[in-house]
Structure formats: structure tokens, C-alpha cells
Amino acid sequence: MDMLGGLTASEFLRDYWQKKPLVIRQAFPGFQCPVSPDELAGLACEEAVESRIIIEDDAGKPWQLHNGPFSPDRFNELPEQDWTLLIQGLDHWVPEIADLLEQFRFIPNWRLDDIMASYAPKGGSVGPHFDMYDVFLLQAQGHRRWTFGGHCDHTSPRVDGTPLRILSSWDGEETVTLAPGDMLYLPPGIGHHGIAEDDCITLSVGFRAPTLDDLLTGFTDYLSQHAKASEHLNDPDLKVQDNPGTIAPDVIDRLSSVIQEQLGDRRNLSLWFGQFATAPKSLDIVVPNEEPANPQDLAEAIRAGEQLRWNEGSRFAYHELDNETALFVDGEQFLLKGDARPLAPLLCAAARISMADLAEFAGDQALLGLLTTLYNQGSVYFE
Ligand code: SIN
Ligand code: CO
0 MDMLGGLTAS
10 EFLRDYWQKK
20 PLVIRQAFPG
30 FQCPVSPDEL
40 AGLACEEAVE
50 SRIIIEDDAG
60 KPWQLHNGPF
70 SPDRFNELPE
80 QDWTLLIQGL
90 DHWVPEIADL
100 LEQFRFIPNW
110 RLDDIMASYA
120 PKGGSVGPHF
130 DMYDVFLLQA
140 QGHRRWTFGG
150 HCDHTSPRVD
160 GTPLRILSSW
170 DGEETVTLAP
180 GDMLYLPPGI
190 GHHGIAEDDC
200 ITLSVGFRAP
210 TLDDLLTGFT
220 DYLSQHAKAS
230 EHLNDPDLKV
240 QDNPGTIAPD
250 VIDRLSSVIQ
260 EQLGDRRNLS
270 LWFGQFATAP
280 KSLDIVVPNE
290 EPANPQDLAE
300 AIRAGEQLRW
310 NEGSRFAYHE
320 LDNETALFVD
330 GEQFLLKGDA
340 RPLAPLLCAA
350 ARISMADLAE
360 FAGDQALLGL
370 LTTLYNQGSV
380 YFE
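Residue numbers for the sequence shown follow numbering that gives the first Met the number 0, so the first one is 0 and each next one is one higher.
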């Protein structure tokens, strides 16, 4: 398979990633969409699934947004054309969709957001817009005409009267029609508009990076939960001031050094970030196993050659610290030492864990304990 249109992953990252769009014809040759429009409509009726319908002209109002879950009748009331159904996190619910992610492992696990599906009858679109994340738009069924190009930001003019951020005076630079198996990569901030030419399903493989706001608020929240956070600033060297109202420069120096000492703690930063970056998107995705196993059960299944795989919604990542390896799974942190350290890269390499390599660890009670914890918290299962 030639998913990057003849480019190696390194060439793609060097020349296109976060830089410019790329159209890849037959990235997935002969692609057959694993879900039908009816199945997408069925998912949109489920409480745990995040779904939206966007109607271009909704009783005279432009680009109206309706949030799911929907009743099955809702689909009978929709116009013939010019609407779109969006299903967020389709990879969490459909294993064959999650499997597509294995083709994108040249991008780190922690950058992945999810796979969103859109279904639209002829004419349907979500309007001209830009996103703040990297996206691979894989045409899964039918045809979609994409116009794209031009850098947009929060100052770009928008259509009034809609809760959606639709660009009002935007002309793309390039137009392509994608057929099943074709794919368009778009970096953040590039305007785009994809209109269904016929009954059309598009899968958006999205990679979202955290905002500075996410990082600052998330990390300071984490730091503030640590024991040291309740310590008060001290000033045993306080000197008499001319004016009691002065906040002396050395107070600011002291604040600055206390804050920098906290913010500059790389160990805390990596432990927080691993947990933050692997936290499940919703509590409905990773649910504890109804039939908890014990380490012996796990050892037997591994010896029997059963295939262990990640829960479709689970996120795995690890970080090498000086004398240990931090494994992060679904927002939980596990510190591995000594001979246990290679388990982290092994568990994180692919959704289907290499059972031959895992068998080497199956005699170690502590590691079996860890696998049992992951199994019981719902992060892995036997296929
Ligand atoms: C769509 O699939 O209709 C919209 C996806 C996007 O533009 O990000
Ligand atoms: Co978009």
C-alpha cells in the first residue's frame, strides 16, 4: 500500500505535515467503507456517541447545527439533500475503523484525536471553514468535491446567523474530486469546503495538538494538587520598607524563582503530560471490565496465544525517564523499572500487541499484575 502517494513517512513529515495540503490518489486502493449510512444513523441515535446534523438552509436559517442523540424519526424529516450527519470518535465504536489508525502510526499516538465520519447526500457539506488541527480526509464511499487553500484565522470573515464558524468570503485555490480510497491531507488553518457529489461518506482522521491554554491550565492544576502546593511563601529576611505599600523587587524575584522551579520540573511535566495526553475523550469509552480477570487468567491466555489488543478508544504512550519508564494508558500512569522497562514500548507500538514478545514477560508476577490492571480497567481485551 502506498498511503502517502509515493512519499516516505519522513518525506511527508518534512515537506507537508503542518505545511501544505497533499492530495493522495488511491491512498487506500479499493477501499470499502466498513460502515453504511444506516449504521451511522443508528450510532447517531445512541446516547454515548457524539453526533451532529448540519443543515445548509434550515427553514431559511443558514448552516444550522443540531446535536444528537437523535430519534430514528429525525432522519425521515431531513430534506432530500444539502445536509450532513457527523459522527465523532467512530474509531471508538467500530474496530475496523480503529484498524485504519495503524496506517498512521508514523505520527505519535499522543497527537491522535479521533476518526470522525461524515455522511451526506448529494449537495451536503459542513460549509467552507478551517480547522485548527491536522486532518487526513479519506473518501470512504461516493464522491466529494473539495475546494481548499489559503490560510485562515480568527480574523477571517464569517457568515452571521449560524453557531458554526463558516467562512463568508473565501475562495479556495484548488479543487479536486475524491473517489473511494483517495485522501486529502490538510494542515491546520487551511480553508476547505467539501461538497458531496452523491451519497458520500468521508472519514476525517484528526490529529489535534493541545493549545497553550490547555498546557498551562492542565499543568498548573496538576502542580497545585501536589503536597508542596500548600506550602506558603516565606520571608525570614524581611526588611523594613520606606512605604509599607511597596511590593519590593525581591518579592517578585522570589515569586519568579518559586514559579520557575515548579514549572521547570521536567519529571512532573512529563508525568502530567503523559496522563493528560492519554486521558480518554469520554467516560463512556473505556469502561471497567464486567468480568475482572486475575493474573493467572492473563498468563494462561497469553500462553494459549490469544491476541491482546487495545480497547478502540484507549490511548497508550510512554516516556523514558532517567531510571524508569513511565507508561501512560487512558490517563493512568505506571512507572516501570529495571527489566520491566521494555514492556512500555512493547505495549505502545501497535493496537495489536506482539504476543510473541509479550510471552517473555508472562512469567513475571508484577508485570502480569500490570496487564491485569489494564485488562480490568477496560484498556485491553482479547480479540
Ligand atoms: C466533512 O467530512 O464533511 C467535513 C470534514 C471537514 O471538513 O473537516
Ligand atoms: Co474541516
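A virtual CB, placed ideally from N, CA and C, is assigned to each residue, including glycine.
Note that the structure is predicted; figures quoted are calculated from it, not measured.
Item: Compute the distance between the beta-carbons of M182 and V34, then report whether it is under 9 Å.; Value: no
Item: For L232 and V257, which I take to be in contact (beta-carbon distance under 8 Å), what is that distance rounded to the nearest angstrom?; Value: 7 Å
Item: Counting Cβ pairs, one atom from each stretch, are 3 or more of them under 8 Å apart for the segment 353–360 and the segment 325–333?; Value: no
Item: I need the DSSP call for F69, collapsed to helix, strand or coil.; Value: coil
Item: So, is T245 buried or exposed, given that buried needs 16 or more other C-beta atoms within 10 angstroms?; Value: exposed
Item: What number of angstroms, rounded off, separates the C-alpha of E311 from the C-alpha of Y374?; Value: 13 Å
Item: Considering only DSSP beta bridges, list what L21 is partnered with.; Value: Y184
Item: Using only the alpha-carbon positions, how far apart do S70 and L42 sit?; Value: 11 Å
Item: Short check: CB of D198 to CB of G126, under 9 Å?; Value: no
Item: What are the start and end residues of the alpha helix (DSSP H) that includes Y221?; Value: L211 to S223
Item: With M115 as the anchor, note down where its alpha helix (DSSP H) starts and where it stops.; Value: Unbroken run through M115 is the beta strand (DSSP E), L111 to A119; no alpha helix (DSSP H).
Item: Is any heavy atom in the ligand CO found nearer than 8 Å to the beta carbon of F129?; Value: yes
Item: List the residues that DSSP assigns as beta-bridge partners of A325.; Value: H318 and L334
Item: Cβ-heavy atom distance between H391 and the ligand CO below 8 Å?; Value: Here the chain covers residues 0 to 382 and nothing more, so residue 391 does not appear.
Item: Quick one, which of F360, L3, I200 and T7 has its alpha-carbon nearest E299's?; Value: F360
Item: Is it buried or exposed, S124, if we count other Cβ atoms within 10 angstroms and call 16 or more buried?; Value: buried
Item: Just checking V125 against the ligand SIN - is the residue's beta carbon closer than 8 Å to any of the ligand's heavy atoms?; Value: yes
Item: Which residue from L214, W16, I53 and Q240 puts its Cα closest to that of V134?; Value: W16
Item: Is G368 buried or exposed, if buried means 16 or more other CB atoms sit within 10 Å of its CB?; Value: exposed
Item: Under 9 Å, do L137 and F218 count as touching if we go by C-beta distance?; Value: no
Item: How would you call A247, buried or exposed, if buried means at least 16 neighbouring beta carbons within 10 angstroms?; Value: exposed
Item: The ligand SIN and L64: does the residue's C-beta get closer than 8 Å to at least one heavy atom of that ligand?; Value: no
Item: Comparing the CB of H150 with every heavy atom of the ligand CO, is any distance shorter than 8 Å?; Value: no
Item: In terms of DSSP beta bridges, what is R143 paired with?; Value: L177 and A195
Item: Does DSSP classify K60 as helix, strand or coil?; Value: strand
Item: Expressed to the nearest angstrom, what Euclidean distance is found between the alpha-carbon atoms of A139 and W271?; Value: 37 Å
Item: For the ligand CO, is there a heavy atom less than 8 Å away from the beta-carbon of V175?; Value: no
Item: According to DSSP, simplified to helix, strand and coil, what is T371?; Value: helix
Item: Say yes only if the C-beta of S155 is nearer than 8 Å to one or more non-hydrogen atoms of the ligand CO, and no if none qualify.; Value: no
Item: Using DSSP with H/G/I as helix, E/B as strand and the rest coil, what is G148?; Value: strand
Item: Since V48 contacts G67 with CB under 8 Å, what's their CB separation in whole angstroms?; Value: 7 Å
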